[in-house]
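Trainee: For reference, the structure I am asking about is given below.
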Amino acid sequence: MENKILKLERVAVECHSTFRTLIKTQHGRMLYLELQLSGNDCLITECFYTDRNQGKTGAKRRNAKPLNLRTLQFDLDALLTVLKTELDSSFYSVEFIETDTAELSVEKYIEERSNSENKKYRFLIMIGEGEQINGLPSKLVTRIKNKLHRSIFVELAYYRDGMGVVKQCYYYDRSYKRQDIQITPPQLVSCFFQYERGAILNLFNHELCCDLNRMIVISDNKIDIYKNKTPLCGCI
Numbered sequence: 756m757e758n759k760i761l762k763l764e765r766v767a768v769e770c771h772s773t774f775r776t777l778i779k780t781q782h783g784r785m786l787y788l789e790l791q792l793s794g795n796d797c798l799i800t801e802c803f804y805t806d807r808n809q810g811k812t813g814a815k816r817r818n819a820k821p822l823n824l825r826t827l828q829f830d831l832d833a834l835l836t837v838l839k840t841e842l843d844s845s846f847y848s849v850e851f852i853e854t855d856t857a858e859l860s861v862e863k864y865i866e867e868r869s870n871s872e873n874k875k876y877r878f879l880i881m882i883g884e885g886e887q888i889n890g891l892p893s894k895l896v897t898r899i900k901n902k903l904h905r906s907i908f909v910e911l912a913y914y915r916d917g918m919g920v921v922k923q924c925y926y927y928d929r930s931y932k933r934q935d936i937q938i939t940p941p942q943l944v945s946c947f948f949q950y951e952r953g954a955i956l957n958l959f960n961h962e963l964c965c966d967l968n969r970m971i972v973i974s975d976n977k978i979d980i981y982k983n984k985t986p987l988c989g990c991i
């Protein structure tokens, strides 16, 4: 029941009574919501998905806006109805609270609130082959389902000078519509990366829209990832 209370945190902005929060939709998407109050009038001033454009700042960070959100100004009593019908989020009640995040920028606020939500272990499971480089096999493959519920096949390999390379990365959940054409996720912009666990997790989280905080490597040849297309990790 506690999780179903919408807790709006005051923002330190002059002349306006401004509040914000980070909410999860019923489909697992994360939203940043900011609104201003004037008496009983409520105005949504900012609303965007935080699980897109990760690593970016400013206007680029806020490009992924909910398409169904059309009601931006309404009576405060209608807030929960707007969230349910247009933002896919259901709450029982609203609380306006004061916290120590009032002075934080939008990016810092999202980072702090996201970290407080990530208390569970979310594992990136990779199948490894070859010689050991920086404590990792020279070839790593996996199948994931990201936060947008897209299934992705990924193959990484060691390149040279401490760097790794993305050899393959493509969706495989809608091949029947694309006649087996391999489509690379558009958010993936990095070809090379530091061949270490932290950099690999960063690649998956920021460019493949995942939410993973630990990495496991399996090298016992007991999983045939090429025949079995079940995702090993993510939102299964």
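Each residue of the sequence shown is one higher than the last, beginning at 756 in the numbering used here. Glycine included, every Cβ here is placed at the ideal spot set by N, Cα and C.
Quick one: is G919 buried, meaning 16 or more other Cβ sit within 10 Å of its Cβ, or exposed?
Mentor: When all chains shown are included, G919 counts as buried.
Trainee: Using a Cβ-Cβ cut-off of 7 Å (strictly less than) and excluding sequence neighbours within five positions of T812, which residues of its own chain qualify?
Mentor: Same-chain partners within the cutoff: E862.
Trainee: In whole angstroms, what is the alpha-carbon distance linking Q781 and Y927?
Mentor: Straight-line Cα distance between these residues: approximately 24 Å.
Trainee: Mind checking which residues open and close the alpha helix (DSSP H) that includes I955?
Mentor: Start and end: R952 to E962.
Trainee: What do you get for D806, buried or exposed, if any count of 16 or more other CB atoms within 10 angstroms of its CB means buried?
Mentor: Classification for D806: buried.
Trainee: What residue from K759, R784 and C797 has the CA that sits closest to S772's CA?
Mentor: The option with the nearest alpha carbon to S772 is C797.
Trainee: What residues are listed by DSSP as bridge partners for D830?
Mentor: D796.
Trainee: By the 10 Å Cβ neighbour count, where 16 or more other Cβ atoms means buried, how is Y981 classified, buried or exposed?
Mentor: Counting Cβ neighbours within 10 Å, Y981 comes out exposed, since fewer than 16 surround it.
Trainee: Among K820, I978 and T854, whose alpha-carbon lies nearest the alpha-carbon of L763?
Mentor: Of the listed residues, the one whose Cα sits closest to L763 is T854.
Trainee: Distance, Cα to Cα, A912 vs L987?
Mentor: Using only the alpha carbons, I get a separation of about 18 Å.
Trainee: Within its chain, find whatever has a CB closer than 7 Å to the CB of T800; leave out the 5 residues flanking it on each side and keep chain order.
Mentor: Closer than 7 Å at Cβ, skipping near neighbours: E789, L790 and Q791.
Trainee: Would L842 be called buried (16 or more neighbouring beta carbons within 10 Å of its own) or exposed?
Mentor: Per the 10 Å Cβ criterion, buried.
Trainee: Buried or exposed: which applies to D832, given that a residue is buried once 16 or more other Cβ atoms fall within 10 Å of its Cβ?
Mentor: Exposed is the call here.
Trainee: Which value, in whole angstroms, describes the spacing of the CA atoms of R952 and L967?
Mentor: R952 and L967: Cα-Cα distance of roughly 11 Å.
Trainee: CB F829 to CB R816, shorter than 9 Å?
Mentor: Cβ distance not < 9 Å, so F829 and R816 don't count as in contact.
Trainee: A814 lies in the alpha helix (DSSP H); which residues open and close that run?
Mentor: Unbroken alpha helix (DSSP H) run through A814: G813 to R816.
Trainee: Determine the DSSP secondary structure at K820, reduced to helix, strand or coil.
Mentor: K820: coil per DSSP, three-state reduction.
Trainee: In the DSSP assignment, find the unbroken beta strand (DSSP E) run with Y914 in it and report its ends.
Mentor: Element bounds for Y914: S906 to R915.
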